[in-house]
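Below: one structure, written as structure tokens.
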Amino acid sequence: MSELTPAQLKAQKKAAKAAKRAASKEASGQAPTRDPREAKKEQQQAAAKEGGSSSNTGNNSNNTQGGSNQSSASASSKEDRTRASRPALFGHLEKAGKVTAADAGKDVHPEVITLALRYSSYQIVGSSDRARTLLQAFQRVIADYETPEGTTLSRNLTTHLGHQIDFVISARPLSVSMGNAIRWLKQEISVVSIDMSDQAAKDMLVEKIDEYIKEKIDVSGSVIVESAVNDIADGDTVLTFAHSEVVENTFIAAHQAGKRFKIIVVDSRPLHEGRKLARDLSARGIECIYILVSALAHVLDDVSRVFLGAHAMLSNGALLSRVGSALIATAAKRKNIPVIVLCESMKFSDRVQLDSVTLNELAFPEMLANTYISDKKKLPEDKAKTSLKYLNLCYDLTPAANLTKIITELGHLPPSAVPVIMREYKSAYTM
Amino acid sequence: MSSQNRGDREIDIFVEQFISQLKRRQLSGSHAVALATAQLLLRFVSAARWNHIDSLVKDIRALGVRLVQTAPKEIACRNIVSRVLTLIREEQHGHKAENGGLSGSMLGLLEKNDKKEEVLDKAALRQANRDIRPYIIEGIQDLIDEVANIEENIAKMSVDEIHDNQIILTPTPASETVLLFLLKAARKRNFTVLVTEGFPNQIDAAHNMVEKLTKAGVEAIIIPDAAVYAVMSKVGRVIMGTSTVLANGGCLSSAGSALVCATATQHSTPVVVLTAIYKLSPVYPFDVPSMIEIGSSAQVADYSDSEIVEGFQVFNPLADYVPPEDIQIYNTNIGEFSPAFIYRIVLDHYSDAGNL
């Protein structure tokens, strides 16, 4: 990720768009040698820059020149291939798009473009982190916003934010936490008084976002950590999967409280999020064992507790989390090991889901074609079997029956309490 | 054994070579090991010299103990030696029964065994021993044929197991038996196969299997090991291979398969294990960790990263023990059996004589 100033980004974006416009003009005008289908596609791209189905060769922000003639022509054929290699059974799932800055509309703030690209390349993962960074970007958007003539802030700002959100979605589908934060922010904007000056309203909103981040993410997180520490006893072997911010903080807090325990970090392809956790914890002197999910059966006998992070808790008490969590919970349940979920109430959703296939997110299949264990090395193009079909799901669903309890900032609760909390605190979400 | 005979020395060289191959894992995988062990024993019996059948049994047992110590986790090797020992005893008893009329039936157990005391004429015994060699060699030859052609026999049943548009999941991409089974079924059925990666030890095998299935026109999809639970609700059958079937009806299979079978059981998805009879073992899983081979941890964590090497422990098992309650059925070359019935099949093929 290159560190670009907003001004630089704007300039780059402008250049890329100009190139693209020229390309589409040429395509619609006289380009007899080219496939008309491709030309049409590019035209569509230029016209509606929603980017949901847009394509490009680069998968990170460095490739801002992506709008040029040649590369987008080859990109569209590449995309056809990846779509063809998508398993039919999972054809309905939302997937992360490969966007570049060039796909953003003129209203999209540079801060949001940078952020969206980092979501898309999985540089920012984790539901709390994604919600936090999104809100912080929106603070910049709001600060830089100017109400056009003939309308009011409370009406127009929501539309303006809508453009930003659309671009973010085109990079990667929203997490539940982001959805909740957006819903709350839109509500806040809609109740801004018409009599308030724009500057005052903007200041107020920025401040409210600060409060939201502090209350819903930071303080909630530390309250959870504080109470979850009590669930770790001396001599325990605690197992966790992938990486969760609250879970990591809980381990650190327990270690600082002088508890002696062992951690087993279970990790999986393709993201290998657990590596960072194992590295951070062992650097602090906590005893760590690192295994991959296929070795799980061999370590379970020693485990006294399982801690899982959450992407979302659904209204039927099911946990939606990084793919593999359900596997861990099932295996632990069979051995009567308590499974504890740490989840801020910000991640509660009123949705109900029964399996992991109906609603999920697909990540890029190419991530699975790389068979090296190291992130730094990439399999050479000719060796990676990209023609094979890969299924790269992001999440899976753990039924409530396999969870022992959830720890939220509102206390320790059974999974069935999710709809109760949502109902009781409804005012807190919409206020 | 230590005779100066040239034939003896030749077989010694052969045995040493076999053992060093086992040690270096140049010879691995239950099928290859079983076949090679049977061929070794065939040569051993052909070259051996004995006065009494007991001395042959003693020699083979000593060889078996050496092999097992060399590769304690290649249970197929132990199985084949046990099968051969059982076979020799059967031939011997069969011969005695013909000559001396000793009854082989269960009733014999209740009879007062006066006849056993009866000492056979030494010359007649030597005669009998000499006669027995061709039968033993023939028996081992049959065993080799059984091992070599087994996959065909198992694959025959594939059509009965798979229906059209079924989704099948296999956690053992390295299993030739599973691949053959699926390819055979693909001629008559239209289905989808999900293959787990088995990262890190089997990922290349997984890619190869998917490639071969795709070539044969089967829709084959690679899924990460972690995604098993997510897709299980759509899976109609879990079909897997095994390296060893244990006497209690459980089995040893590649790492990750225990988790797959546990998930399948929770979803009431049937688990079908494809196995050849030579993989059946008279061993009970009293000490599971001792049966599991551990692989290189450099495959789990990047050892060029010094923080990892110093920071935390890494663990890379190559196999999993799958308990019998997670297995629906064993599909073997002699028929289909429930795990609870496996001990009977084991008894059919091994006797106490086969104990090492």
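So the protein lines, in turn, are chains A and B. Reading the first sequence from the start, the letters are residues 1 to 431 in UniProt numbering. Reading the second sequence from the start, the letters are residues 1 to 356 in UniProt numbering. Virtual Cβ for every residue (Gly too), placed ideally from N, Cα, C. Being a predicted model, the structure only gives us computed values, none of them experimental.
{"query": "Within 7 Å of chain B by C-beta, residues of the segment 262-288 of chain A in sequence order", "result": "Ser268, Arg269, Pro270, Ala278, Arg279, Ser282, Ala283, Cys288"}
{"query": "Between the CA atoms of Val108 (chain A) and His163 (chain A) - distance to the nearest angstrom", "result": "6 Å"}
{"query": "Pairwise C-alpha distance: Leu194 (chain B) and Gly101 (chain B)", "result": "Confidence in Gly101 (chain B) is poor, its pLDDT being 44 and thus under 50, which makes the residue's placement too unreliable to answer from."}
{"query": "Runs of beta strand (DSSP E) lying entirely within the segment 214-272 of chain B, each at least 3 residues, in chain order", "result": "219-223, 237-240, 251-254"}
{"query": "Contact set for Ser177 (chain A): own chain, Cβ-Cβ below 6 Å, skip 5 residues either direction", "result": "Ser127, Ala131, Met346, Lys347"}
{"query": "Contact between the segment 275-294 of chain B and the segment 207-222 of chain B (3+ Cβ pairs under 8 Å)", "result": "no"}
{"query": "Assigned secondary structure, Ser351 (chain B) (DSSP; H/G/I helix, E/B strand, else coil)", "result": "coil"}
{"query": "Between the CA atoms of Phe167 (chain A) and Glu149 (chain A) - distance to the nearest angstrom", "result": "25 Å"}
{"query": "Distance, Arg43 (chain B) Cα to Ser77 (chain B) Cα", "result": "The displayed chain sequence assigns Cys, not Ser, to residue 77 (chain B). Rounded to the nearest angstrom, the two C-alpha atoms are 15 Å apart."}
{"query": "Span separating the alpha-carbon of Arg83 (chain B) from that of Val33 (chain B)", "result": "14 Å"}
{"query": "Three-way DSSP call (helix, strand, coil) for Ala283 (chain A) in this model", "result": "helix"}
{"query": "Contact set between Gly126 (chain A) and chain B, taken where Cβ atoms lie within less than 7 Å", "result": "Within 7 Å Cβ-Cβ: nothing; Gly126 (chain A) doesn't reach chain B, min ~16 Å."}
{"query": "Contact the segment 332-351 of chain A vs the segment 365-374 of chain A: 3+ CB pairs below 8 Å", "result": "no"}
{"query": "Run of the beta strand (DSSP E) containing Val306 (chain A), from where it starts to where it stops", "result": "305-308"}
{"query": "Straight-line gap, Gln141 (chain B) to Leu259 (chain B) (C-alpha atoms, nearest Å)", "result": "38 Å"}
{"query": "Per DSSP, the bridge partner or partners of His412 (chain A)", "result": "A:Ile407"}
{"query": "Under the three-state DSSP convention, the category Cys394 (chain A) falls into", "result": "coil"}
{"query": "Nearest to His163 (chain B) (by Cα), restricted to the options B:Thr177, B:Ile137, B:Ser175, B:Thr192", "result": "B:Thr192"}
{"query": "Residues bridged to residue 498 (chain A) (per DSSP)", "result": "Past the boundaries of the shown model lies residue 498 (chain A); chain A is included only from 1 to 431, so the question cannot be answered."}
{"query": "Leu397 (chain A) and Leu281 (chain A) closer than 8 Å at C-beta", "result": "no"}
{"query": "Assumed close pair Leu40 (chain B), Val57 (chain B) - CB separation to whole angstroms, cut-off 8 Å", "result": "Contact flag wrong, Cβ pair sits at about 16 Å."}
{"query": "Proximity below 8 Å, CB of Val231 (chain B) to CB of Ile239 (chain B)", "result": "no"}
{"query": "Neighbouring residues, chain A, relative to Val271 (chain B) (Cβ below 7 Å)", "result": "Correct list: empty, because the minimum Cβ distance to chain A is about 15 Å."}
{"query": "Per-residue burial, Ser76 (chain A) [other beta carbons within 10 Å of its own, 16 or more giving buried]", "result": "In this prediction, Ser76 (chain A) has a pLDDT of 45, which is less than 50 and means its spatial position is unreliable; what the coordinates show is noted afterwards. Counting Cβ neighbours within 10 Å, Ser76 (chain A) comes out buried, since at least 16 surround it."}
{"query": "Cross-chain neighbours of Lys95 (chain A) in chain B, by beta carbon under 7 Å", "result": "What Lys95 (chain A) touches in chain B: nothing, since even the nearest Cβ is about 15 Å away."}
{"query": "N- and C-terminal bounds of the beta strand (DSSP E) containing Phe337 (chain B)", "result": "335-337"}
{"query": "Anticipated Cβ contact below 8 Å, Phe327 (chain B) with Ala247 (chain B), distance rounded", "result": "Checking the sequence shown, residue 327 (chain B) turns out to be Ile, not Phe. At roughly 14 Å, the Cβ-Cβ gap does not stay under 8 Å, so Ile327 (chain B) and Ala247 (chain B) are not in contact."}
{"query": "Interface residues of the segment 224-238 of chain B facing chain A [CB-CB below 8 Å]", "result": "Pro224, Asp225, Ala226, Ala227, Val228, Tyr229, Ala230, Val231, Ser233, Lys234"}
{"query": "Length of the line joining the Cα atoms of Gly104 (chain B) and Leu183 (chain B)", "result": "Model confidence at Gly104 (chain B) stands at a pLDDT of 45, short of 50, so the residue's coordinates are unreliable; what they give is reported in the following sentence. The straight-line gap from Cα to Cα measures roughly 44 Å."}
{"query": "Cβ separation of Gly324 (chain A) and Ala400 (chain A), assumed to be a contact under 8 Å, to the nearest whole Å", "result": "Contact doesn't hold; Cβ gap of about 18 Å is too wide."}
{"query": "Status (buried if at least 16 other CB within 10 Å, exposed otherwise) for Val283 (chain B)", "result": "buried"}
{"query": "Cutoff 8 Å: Ala171 (chain A) Cβ touching any chain B Cβ", "result": "no"}
{"query": "Buried or exposed (CB count within 10 angstroms, at least 16 for buried), Thr332 (chain B)", "result": "buried"}
{"query": "Chain A residues whose Cβ lies nearer than 9 Å to that of Ile292 (chain B)", "result": "His298"}
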